[in-house]
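J.: My questions will all concern the structure given below.
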Amino acid sequence: MKSPSIRLVLGLALAGSLLLPGCKDSSSTASGPATVASQQSITGGSRTGDFGPPQGEPIHAMLTSPPQVPPPTGRDHPAKVIVDLEVIELEKEIAEGVTYTFWTFGGTVPGSFIRVRQGDTVEFHLKNHPDSKMPHNIDLHGVTGPGGGAASSFTAPGHESQFTFKALNHGLYVYHCATAPVGMHVANGMYGLILVEPPEGLPPVDHEYYVMQGDFYTVGKYREKGYQAFDMQKAIDEHPTYVLFNGSEGALVGDNAITANVGENVRLFVGNGGPNLVSSFHVIGEIFDKVWYEGGTHFQENVQTTLIPSGGAMMADFHVEVPGSYVLVDHSIFRAFNKGALAILRVDGEENKTVYSGKEVDSVYLGDKAVSQAPVAVAAEAKAAGTLTLEEQSKAGSVLFNGTCSVCHQANGQGLPGVFPPLAGSDYIASHSHEQLVDVVLNGLNGPLTVNGKNYNSVMPPMSQLTDDEVANILTYVLNSWDNGGGAISKEDVARVRESTPRSEGAAH
Ligand SMILES: [Cu+2]
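Numbering (our numbering), first residue to last: -9 to 499.
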């Protein structure tokens, strides 16, 4: 019976402060059970974080790429820790078949994970690769001192700079580039996490993972194939094209999912690089046993969704009871399903029907996120090269159909009697032009209609969020499936219909 006693303590504290207005030191009234007292204890912050000069030989920090986390320092004394971090600008996939120029700390988004202990003296070496086009620096939120290291670390391409700081406060801290234009450097992926362990370390767990959210701004639409440039205006307007975990739509799904086994304890170190959005971080199907909110000292228990500010972080521990796919999302949910903020924790092990009797999450929550998007990228490349075949287009279309249309028209195109008309052997499709079919997808359809002798009077929502490529591939797949008579629809056909049917800017993205 924990909660009544907590309420009692809070009640006493409140009563105390009401009876003694102006009394600054309320600690005398906060005498509760030991667990409550220790959770709410004050650490003293930076004033108690200096454990004297570093002892022993200097240590070279082990840095890890996401989603990996370096092992605990395991030390009981302060040390001198040397961190070598290199800025690398590189072109990588942001989504299947979509490339973007990322600016990175250590070649990854987010940058390398750094782990030190409170009281350590950190000698920081920032290199900027000779191939870089831009100067960069680093502002570590775990640094006490103006700019968090930014002024001392301004580094031109091909150069190196060095500065030293003592990690006085423990906690989980964001670091980021702070070179002008700061927003653009952050938007291009220049952020990561540094963990300053408390002197006694963190409670041991079976798995620790490193996940960081960021918002991205490209000139093209979400999933528009090919190379995409940074869009400064979208960034200023805070209208991201992508919201991602670990810098790419595929970073933590499919074969890249993070993993655990039933009965294990999992710890997530989650940061939010921004540059703009606040994350409503949630794991579908799990409850955080503990959340060290804002990456600080105190934890909250039994949490469903936790806020992570831009430029902030949190740690969460939970125990996994049941096997299956757990979906990490930003619960500002359009970001998860329409901008990419989705990752998978794959838990293996024995079913436990007394805890959960249900079935796998995949079909409900994952849609086309559960299958490889590779055929879509292959078709886009072939289209660009002018070699696109009907087969490539249909294959890409089938992947997209399964994420977009099958929820209503069903994977076999049969629809649902009286509710969703069939696309299989549809006389509606046979009797309408390609332009009219494109129009149905882009602008939706409603009102009475008859398909294969059966009447429907329902609403199909517009799907103008799809790119021209995607609409062309889906419809080509439909035309060439289920005895629909064949034919092909091109990206250009879709573009023409889109142009001739203006809609609000909002509906187009
Ligand atoms: Cu930079």
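Even glycine gets a Cβ: it sits at the ideal position worked out from N, Cα and C.
(1) Tell me, which residues are paired with S315 by DSSP?
(2) Please identify the residue among P265, G240, L234 and A250 whose C-alpha is closest to the C-alpha of I226.
(3) What residue from I274, R325, T379 and G387 has the CA that sits closest to R336's CA?
(4) Write down the C-beta distance between L162 and G42 rounded to the nearest angstrom, noting that I regard them as a contact closer than 8 Å.
(5) Report the partner residues of S270 according to the DSSP bridge assignment.
(6) For the alpha helix (DSSP H) that contains G263, what are its first and last residues?
(7) Cα-Cα, which of I72, N118, V431 and V345 is closest to F153?
(8) What residue ranges within the segment 39 to 87 form continuous beta strand (DSSP E) runs of no fewer than 3 residues, ordered along the chain?
(9) Okay, do the segment 275 to 294 and the segment 112 to 124 touch, 3+ Cβ pairs below 8 Å being the bar?
(10) Would you call the CB atoms of N501 and G387 closer than 8 Å?
(11) Do H424 and T479 have their beta-carbon atoms positioned less than 8 Å apart in this structure?
(12) Measuring only from the beta carbon, is M222 closer than 7 Å to any heavy atom that is part of ligand 1?
(13) Go ahead and label E198 buried or exposed: buried means 16 or more other beta carbons lie within 10 angstroms of its beta carbon, across all protein chains shown.
(14) Just to confirm my understanding: we take G501, look at its own chain, exclude 5 residues before and 5 after, and list those with CB closer than 6 Å. What are they?
(15) Do you know offhand how far V106's Cα is from H67's?
(16) Have a look at P412, V201 and Q218 and flag the residue whose alpha-carbon is nearest the alpha-carbon of Y207.
(17) Quick check on the DSSP output: what are the complete alpha helix (DSSP H) runs of length 4 or more inside the segment 147 to 213, in order along the chain?
(18) Can we count H149 as close to ligand 1, meaning its CB is less than 7 Å from some heavy atom?
(19) Indicate whether the contact test is met: 3 or more Cβ pairs, each with one atom in the segment 162 to 178 and one in the segment 47 to 55, closer than 8 Å.
(20) At a threshold of 7 Å, does H119 count as lining ligand 1 (C-beta to nearest heavy atom)?
(21) Could you check what DSSP says for G302 in three-state terms: helix, strand or coil?
(22) Quick one: grab the DSSP three-state call for Y346.
(23) Quick check on DSSP: helix, strand or coil for G434?
(24) Can D40 and G109 be called in contact, C-beta distance under 8 Å?
(25) By how many angstroms is the C-alpha of L435 removed from the C-alpha of G191?
(26) Quickly, what does DSSP pair N251 with across the bridge? List them, please.
(27) Just to be sure I understand the criterion: a residue counts if its Cβ is closer than 5 Å to at least one heavy atom of ligand 1. Which residues meet that?
(28) So for D320, helix, strand or coil by DSSP?
(29) Going straight from the alpha carbon of F327 to that of Y316, what length do you get?
(30) To the nearest angstrom, report how far apart S362 and Y232 are at their CA atoms.
(31) Is the segment 471 to 485 in contact with the segment 445 to 461, if contact means three or more CB pairs nearer than 8 Å?
(32) Could you pull the DSSP bridge partners for T94 from this structure?
(33) Leaving out five residues before and five after L203 in sequence, what residues of the same chain have Cβ atoms less than 6 Å from its Cβ?
(34) Determine the contact status of Y181 and P56, defining contact as a CB-CB distance below 8 Å.
(35) Look at the alpha carbon of G330 and the alpha carbon of W93, and state the distance between them as a whole number of angstroms.
(36) Which same chain residues, not among the five before or five after I254, have their C-beta less than 7 Å away from its C-beta?
T.: With the given structure in hand:
(1) In the DSSP assignment, S315 is bridged to R336.
(2) When each option's Cα is compared against that of I226, the closest is P265.
(3) Nearest C-alpha to R336: I274.
(4) About 24 Å; that fails the 8 Å criterion.
(5) In the DSSP assignment, S270 forms a beta bridge with L297.
(6) Where G263 is concerned, there is no enclosing alpha helix (DSSP H), although the beta strand (DSSP E) it sits in stretches over N255 to G264.
(7) Proximity to F153 across I72, N118, V431 and V345 peaks at I72, based on C-alpha coordinates.
(8) DSSP runs (the beta strand (DSSP E)) wholly in the segment 39 to 87: 70 to 85.
(9) Contact fails: fewer than three Cβ-Cβ distances are below 8 Å.
(10) Nothing about residue 501 can be reported from this structure: the residues present for the chain run from -9 to 499 only.
(11) Sequence inspection shows Ile at residue 479; the Thr mentioned does not correspond to that position. Yes.
(12) Between ligand 1 and the CB of M222, the shortest heavy atom gap is not smaller than 7 Å.
(13) The residue in question, E198, is buried, as its Cβ has 16 or more Cβ neighbours within 10 Å.
(14) Because the chain in this structure spans residues -9 to 499, residue 501 falls outside the shown range and cannot be described.
(15) The C-alpha of V106 lies about 11 Å from the C-alpha of H67.
(16) Taking only the C-alpha atoms, the option nearest Y207 is Q218.
(17) Counting only runs of 4+ residues, the alpha helix (DSSP H) found wholly inside the segment 147 to 213 occupies 172 to 177, in chain order.
(18) Remark: the shortest separation between the CB of H149 and any heavy atom of ligand 1 does not fall under 7 Å.
(19) With contact defined as three or more Cβ pairs closer than 8 Å, the segment 162 to 178 and the segment 47 to 55 are not in contact.
(20) Relative to the non-hydrogen atoms of ligand 1, the Cβ of H119 never comes closer than 7 Å to any of them.
(21) In this structure, G302 counts as strand in the three-state DSSP scheme.
(22) In the structure shown, the three-state DSSP call for Y346 is coil.
(23) It is coil, neither helix nor strand.
(24) Going by C-beta atoms, D40 is nearer than 8 Å to G109.
(25) Computed Cα separation, rounded: 59 Å.
(26) Its beta-bridge partners are D338.
(27) Result (chain order): H126, C167, T169, H175 and M180.
(28) Note: D320 maps to strand in three-state DSSP.
(29) Approximately 15 Å, taken between the alpha carbons.
(30) Answer to the nearest angstrom: the Cα atoms are 18 Å apart.
(31) They touch, by the three-pair rule.
(32) Looking at the DSSP assignment, T94 forms a beta bridge with I78.
(33) It should be pointed out that residue 203 corresponds to Gln in this sequence rather than to Leu. The residues are F235, N262 and S269.
(34) Between Y181 and P56, the C-beta gap is not smaller than 8 Å, which leaves the two residues out of contact.
(35) Approximately 20 Å between the Cα atoms of the pair.
(36) In the sequence as presented, Ile is not what sits at residue 254; that position holds Glu. Close CB contacts of E254 within its chain, under the 7 Å cut and outside five residues either way in sequence, are with D196, H197 and V310 (chain order).
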